[in-house]
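The structure appears below as structure tokens.
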Amino acid sequence: MTSSRPYLVRALYEWILDNGCTPHVVVDALLEGVEVPQEHVKDGQIVLNVSPVAVQDLSIDDHYVSFNGRFAGVSRRILVPMSALLGIYARENGEGMMFKAEAPADPEPPTPLDSGKGGSEAGSDKKKPALRLVK
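For the sequence shown, UniProt numbering assigns the number 135 to the last residue and increments by one with no breaks.
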């Protein structure tokens, strides 16, 4: 079975927002593939505010959490593999969930939406679909 973590993260994110609270995520900043501002990492972890007013272009897919955020006035692209996400909770009351360690997956990191390409170059070896007109 696939990991339940992304489903729980999405559900808890919505639940926290629906209750008027601020969602924060705890990230293991030392795992491979994590792209966070290292100057804000403490004891190998970083806590990120992922509320709609704090981030732009938030995406919580099955393999990554990604968004654009500002740190000390500088815009940064944040990329967190789902295996590095240790928990999500409401800043106001601490309600949420922490996750146990999970083996990291090896999916390709998401490409920015403005990359200008419609598909990947690796997929160019595939056969073109063969369609025919049926009258």
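Backbone N, C-alpha and C fix where the C-beta goes; we use that ideal spot for every residue, glycine too.
Straight-line spacing of the CA atoms in P23 and G96 works out to 9 Å. Nearest neighbour of Y64 by Cα position, chosen from A90, P52, H40 and V36, turns out to be V36.
As for any beta strand (DSSP E) of minimum length 3 sitting wholly inside the stretch 18 to 74, the runs are 23 to 28, 45 to 49, 55 to 60 and 64 to 71, ordered along the chain. A distance below 8 Å between beta-carbons, with the five flanking residues on each side excluded, links H40 to the following residues of its chain, in chain order: I46 and F71. The three-state reading of DSSP puts V9 in helix, counting H, G and I together. Assigned with DSSP and collapsed to three states, M82 falls in helix. Taking the C-beta atoms as reference points, M82 is found nearer than 8 Å to S3.
Note that the C-beta distance between S59 and S66 is below 8 Å.
For M97, the enclosing beta strand (DSSP E) starts and ends at G96 to M98.
Counting every other CB atom within 10 Å of its CB across the protein chains shown gives Y89 a total of 16 or more, marking it as buried. V80 sits away from G69, with the two beta carbons spaced by 8 Å or more. Classified as exposed, Y7 has fewer than 16 neighbouring CB atoms from the shown chains inside 10 Å of its CB.
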